[in-house]
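Notes for the one structure printed next.
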Amino acid sequence: MSYTLGQKQLDDIDEILQTDLIDIGVHCVFLIDMSGNIIASLDDGENKHDIYSLAALAAGNFGAVSAMAKIVGEGEFSLLFHKGKKENIHFSKVLNEFLLITLFGNDLSLGFLRLKVAESVEKIKKILEPIHTP
Amino acid sequence: MAFVNLKKREVQVKIVYYGPGRGGKTTNLEYIYGKFNDRIQTEMVTVKTHGDRTLFFDFLPIDIGKINGYSAKMQLYTVPGQVKYNATRRLVLRGVDGIVFVADSMAVRREKNILSLKNLHENLKNYKKSIFSIPMVFQYNKVDLAEQGIPILPFATMEKDLNSQLKRPAFEASAVTGTNIVPTLKKIITMTMSSIKDELK
């Protein structure tokens, strides 16, 4: 099984990630599917990471945390966030199949970031809904 | 679940090396990493225990060039082979497009191969996928051990044990020396790409 995204859909996703997240000071953002494939990725030009490895690990990490949630009787944990000294990472599920990962520094507050992430997730959902497999 | 990016004209495919613990899945990826160093832009990612056993997975992305005008990125993963890590093994299988089943040719590991194949069958069912339809290649690893006098099961026995119903391509291999490692990879890439070729137009 496979799925395809066209130029228009991918351009729209890039536009959302750029204006909602990169423009407010996020270092790097990428949208992946739960298999670890990268759908879109943007950065601020200064912070480059090995996104293919990050995507594989993020998908695995998210899967592991979801499995833990089920074991302890939670449907899922609502906040997934790792705090570092300089770099922080935030995960947000988009529909059932996708994951939006944001890397940001300490100049951005977690609350504001979550707000902006939630806004972009709503917009991205509309684009991905047609290929979404429940 | 392969992803076709029409904007970049790129296709990303997930191939998982599956099989019993200590069978040589990680060694397969290490050999490929060494052999195709020029095509791999990143470090190989491994999540392992202190005892050097795979805990979660190994990950190696490899560019294989253009197929039908699409640049093809193969994402190679291994699973942890040990029985107790089934929860993480299942996570790695999510969205898999093709499987290399690395079986251990040592006679003493015969039962472990069969159990691992059954486990793969169950775990695929969990994702509503069938072992009978997913692209898959068998690799009977460690044939080099025969030279050291270690009892090895003959090809026919391995085929009868694992591949009698599935009837997939199979290779006798040695991940340590590199024998048949690249042919195994090429075969699974061909089979997997052909299974999604209708998407690449």
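Protein sequence lines correspond, in order, to chains A and B. Under this note's numbering, residues 663 to 796 are what the first sequence spells out, in order. Under this note's numbering, residues 197 to 397 are what the second sequence spells out, in order. Where a beta carbon is used, it is the ideal one built from N, C-alpha and C, also for glycine. Here the structure is a predicted model, which is why all the values come from computation and not from measurement.
| Asked | Found |
| --- | --- |
| When burial is assigned at 16 or more other CB atoms within 10 Å of the CB, is residue 248 of chain B buried or exposed? | exposed |
| Could you check the C-alpha separation between residue 380 of chain B and residue 719 of chain A for me, to the nearest Å? | 25 Å |
| Kindly list the residues whose CB is nearer than 8 Å to the CB of residue 735 of chain A, restricted to its own chain and excluding five residues on each side of it in sequence; keep chain order. | none |
| Leaving out five residues before and five after residue 240 of chain B in sequence, what residues of the same chain have Cβ atoms less than 6 Å from its Cβ? | 229 and 256 |
| Taking the alpha-carbon positions, what's the residue 363 of chain B to residue 387 of chain B distance? | 14 Å |
| I'd like to know whether the C-beta atoms of residue 808 of chain A and residue 743 of chain A end up nearer to each other than 8 Å. | The question about residue 808 of chain A has no answer, for chain A in this structure spans 663 to 796. |
| Tell me whether residue 673 of chain A sits in a helix, a strand or coil according to DSSP, three-state version. | helix |
| Compare the beta carbon distance of residue 697 of chain A and residue 721 of chain A with 8 Å and say whether it is the shorter of the two. | yes |
| Is the Cβ-Cβ distance between residue 274 of chain B and residue 213 of chain B less than 8 Å? | yes |
| Take residue 684 of chain A as the anchor and find which of A:703, A:729, A:784 and A:671 has the nearest alpha-carbon. | A:703 |
| Which stretch, first to last residue, makes up the alpha helix (DSSP H) that contains residue 388 of chain B? | 377 to 391 |
| Give the interface partners of residue 669 of chain A over in chain B, defined as CB-CB distance under 7 Å, in chain order. | 202 and 203 |
| Anything in the region 696 to 708 of chain A with a Cβ closer than 8 Å to a Cβ of chain B? List those residues in chain order, please. | 696, 697, 698, 699, 700 and 701 |
| Bridge partners of residue 336 of chain B, per DSSP? | B:299 and B:368 |
| If you compare alpha carbons, which of B:293, B:223, B:332 and B:236 is closest to residue 277 of chain B? | B:223 |
| Taking only beta carbons into account, state which residues of the region 712 to 742 of chain A come closer than 8 Å to chain B, listed in chain order. | 712, 714, 715, 718, 719, 721, 722, 725, 726 and 729 |
| Counting C-beta neighbours from all protein chains within 10 Å, is the total for residue 245 of chain B 16 or more, i.e. buried, or is it exposed? | exposed |
| Can you find a CB in chain B that lies within less than 8 Å of the CB of residue 674 of chain A? | no |
| On the CB-based measure, 16 or more other CB atoms within 10 Å of its CB, does residue 352 of chain B come out buried or exposed? | exposed |
| Kindly say whether residue 284 of chain B, judged by its beta-carbon, lies nearer than 8 Å to any beta-carbon of chain A. | yes |
| Tell me whether residue 697 of chain A sits in a helix, a strand or coil according to DSSP, three-state version. | coil |
| According to DSSP, simplified to helix, strand and coil, what is residue 294 of chain B? | strand |
| At the level of alpha carbons, what is the spacing between residue 323 of chain B and residue 291 of chain B? | 8 Å |
| Classify residue 233 of chain B as helix, strand or coil using the three-state DSSP reduction. | helix |
| Taking all protein chains shown into account, decide if residue 279 of chain B is buried (16 or more other Cβ within 10 angstroms of its Cβ) or exposed. | exposed |
| Would you mind reading off the limits of the alpha helix (DSSP H) that contains residue 267 of chain B? | Taken as a continuous stretch (DSSP letters only), residue 267 of chain B belongs to no alpha helix (DSSP H), being part of the beta strand (DSSP E) at 266 to 274. |
| For residue 242 of chain B, list the residues DSSP reports as bridge partners. | B:254 |
| In angstroms, rounded to a whole number, what distance separates the CA positions of residue 796 of chain A and residue 790 of chain A? | With a pLDDT of 48 at residue 796 of chain A, under the threshold of 50, the predicted position of this residue should be treated as unreliable, though the coordinate-derived value follows. Cα to Cα, the separation comes out at about 12 Å. |
| Would you kindly report the start and end of the unbroken beta strand (DSSP E) that includes residue 766 of chain A? | 760 to 766 |
| Using beta carbons (cut-off 8 Å, strictly below), is residue 241 of chain B in contact with chain A? | yes |
| Under DSSP, the beta strand (DSSP E) around residue 779 of chain A begins and ends at which residues? | Element bounds for residue 779 of chain A: not the beta strand (DSSP E) but the alpha helix (DSSP H), 772 to 790. |
| Residue 268 of chain B touches chain A at which residues, Cβ-Cβ below 7 Å? | By Cβ distance, chain A contributes nothing, its closest Cβ being about 12 Å from residue 268 of chain B, past 7 Å. |
| Determine the chain A residues that contact residue 392 of chain B at a beta-carbon separation under 7 Å, and present them in chain order. | 664 |
| If you follow the alpha helix (DSSP H) that residue 356 of chain B is part of, which residue opens it and which one closes it? | 351 to 358 |
| Using only CA atoms, which one of B:258, B:307 and B:289 lies nearest to residue 330 of chain B? | B:289 |
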